[in-house]
Every structure is written in C-alpha cells, then in structure tokens.
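One structure is given here, and the rest of the page talks about it.
Numbering (my numbering), first residue to last: 182 to 360.
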C-alpha cells in the first residue's frame, strides 16, 4: 500500500514539475464539469461496471464477466439512444422494463451467447431507423476502431512479456536467477 502511494505521489510531483517547466496551467475550476451531475444524468452507465464487479466476486471467469459487461454496455448505449430519440416516455418505459426482465431471466437461468447476440442485433436494427440511432452507431464504430488500434500495442507488450516468462520457465534461467 505504501509503495503504491509513494509511486503515485512521485508521479504526480514529476508531472507537476514538468508542467511548470513548460508553462502549462490547469483548467479553471469553473470550466471543470461536475462528476456528480454527470453521474446523476447518466446513472445507468455505471450498471455494466457493477455487473462486472458482481460477476467477478460470484466466481465467473474474467473473460465471461468482461464479455457480459461489454454486452450490457452495448445494450445500454444503443437502448438509450433509441429511447432518447422517442417522443413519448412509453418507449423508455418499455426499454427499461424489458431490460429488467432480461436481467431477471439471466439471473435465474444463466446466459448463453445467442440471446445476447440477438438482443444486440435487434437493437442495432432499431437504431438504424431512429433519429439518434445512426449517429450512435457511427460513434460506436469509430470507438471500436480506435480501441482496436490502441489494443495492438498492449497486445504486443503482453506477447513479449509472455515469451520472456515462457523462455525463462522452460530453460530454468528463472530459478537460477532466483537462487
């Protein structure tokens, strides 16, 4: 705990010194958006994180929990864009009640990939014909492309580290250095 605090304190201090050296200043307090207001306005976007943490504590594998968290995120983003484009509150109520029923069915029976894919597919089809849906689909496409580009460097670093660890384990060099 203490080394982590020292690390982050020293990283903060070095960033502060570098910013001062280059004459950089922070944003004025009036221009900083309120985190509380954003959380109140878009509270439902915290649900995938809560589901992910819950599933990890319940013993699901990280890959399964992450996949379900991602599926819930996509469902919420597409569903919210569809319901916000609707003129009446009826569509919003139908979406939230439907989502609650799906979550209840998943909690009772477990989840297979086919229902998730069909729900996301239906939401994509509905989003293509609604007002804000097409813009949301374009934003989703662009964010997926950007995240794939940034994941390449992380994947390469993990592959290199895995190769080094595997080499050290298979040759016995790790035990020699450790001894």
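Even for Gly, the Cβ is constructed at its ideal location relative to N, Cα and C.
Owing to the predicted nature of the structure, the values given are computational and were not obtained by experimental measurement.
Straight through space, the alpha carbons of residue 223 and residue 258 are spaced by roughly 11 Å. Sequence-distant Cβ neighbours of residue 260 in its own chain, meaning closer than 8 Å and more than five residues away, are 276, 280 and 304. In this structure, the alpha-carbon of residue 202 lies about 30 Å from that of residue 216. Residues 259, 262, 263, 314, 315, 317 and 318 of the same chain have their beta carbon placed closer than 8 Å to that of residue 308, with the five preceding and five following residues left out of the count. If you look at residue 225, you'll find it isn't in any alpha helix (DSSP H); DSSP assigns it neither H nor E. The alpha-carbon of residue 232 is positioned some 8 Å away from that of residue 253. Straight-line measurement puts the Cα of residue 250 at about 15 Å from the Cα of residue 240. By a beta-carbon distance limit of 8 Å, residue 271 does not contact residue 300. Their separation comes to about 20 Å. Taking C-beta atoms as the reference points, residue 349 and residue 343 fail to come closer than 8 Å. Within the same chain, no residue comes within 6 Å of residue 326 by CB-CB distance, once the 5 residues on both sides are set aside.
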